[in-house]
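3 is the number of the first residue of the sequence shown in our numbering; add one for each residue after it.
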Amino acid sequence: MKNQNVVKFGHINTIEGYSYLALVFIAMPMKYFMDIPMAVKVVGMIHGILFILFCILLAKAWHEAKWPFKESATFFIASLIPFGTFFTKAKIKTYE
Numbered sequence: 003m004k005n006q007n008v009v010k011f012g013h014i015n016t017i018e019g020y021s022y023l024a025l026v027f028i029a030m031p032m033k034y035f036m037d038i039p040m041a042v043k044v045v046g047m048i049h050g051i052l053f054i055l056f057c058i059l060l061a062k063a064w065h066e067a068k069w070p071f072k073e074s075a076t077f078f079i080a081s082l083i084p085f086g087t088f089f090t091k092a093k094i095k096t097y098e
C-alpha cells in the first residue's frame, strides 16, 4: 500500500520545482529585462505558497515514512537549488 503523504510530497516536489524555475528563468528576466515587476510578484507569491506546502508535506512524509534525517535534509536542500527537486524524484519514489 502506498504511503499517501509520500505520494503527495512527491507531487508537490515536482510542482514546486517547476514554480521555482518559472520564478528564476521567466519572472525574474521579465522584471529586470522587460521592466515588468508584476511577474515576480505573481509567480513569487505562487512559489511561496507552494514552498510552504512543500515544507509541510515534507514534515508529514518524513514523520510517516520514518526517513532518516539526512534524507529529509537532502530533499529540503535540493528544493533550494534550481533543478534540484528533479534529482530527488527517484529517491522519493522508493519511499512510496
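Glycine is no exception: its CB is placed at the ideal position from the N, C-alpha and C atoms. It should be emphasised that the depicted structure is a prediction, and the values quoted were computed from it without experimental measurement.
Anyone know if the C-beta pair for residue i and residue j falls short of 7 Å?
{"i": "ILE14", "j": "LEU59", "result": "yes"}
{"i": "VAL42", "j": "ALA63", "result": "no"}
{"i": "PHE71", "j": "GLY19", "result": "no"}
{"i": "LYS52", "j": "SER81", "result": "Here the sequence assigns Leu to residue 52, which means Lys is not the residue at that position. No. Outside cutoff."}
Using DSSP with H/G/I as helix, E/B as strand and the rest coil, what is residue i?
{"i": "ASN7", "result": "helix"}
{"i": "LYS91", "result": "helix"}
{"i": "PRO70", "result": "coil"}
{"i": "PHE78", "result": "helix"}
{"i": "PRO39", "result": "coil"}
If contacts are defined as beta-carbon pairs under 8 Å, then residue i and residue j qualify, I think. What distance do you get, rounded to the angstrom?
{"i": "GLU98", "j": "VAL9", "result": "6 Å"}
{"i": "LYS91", "j": "GLY12", "result": "7 Å"}
Check whether the Cβ of residue i lies closer than 6 Å to any heavy atom of the ligand ZN, and answer yes or no.
{"i": "ALA61", "result": "As far as ligands go, the structure on display features none, and thus does not contain the ligand ZN."}
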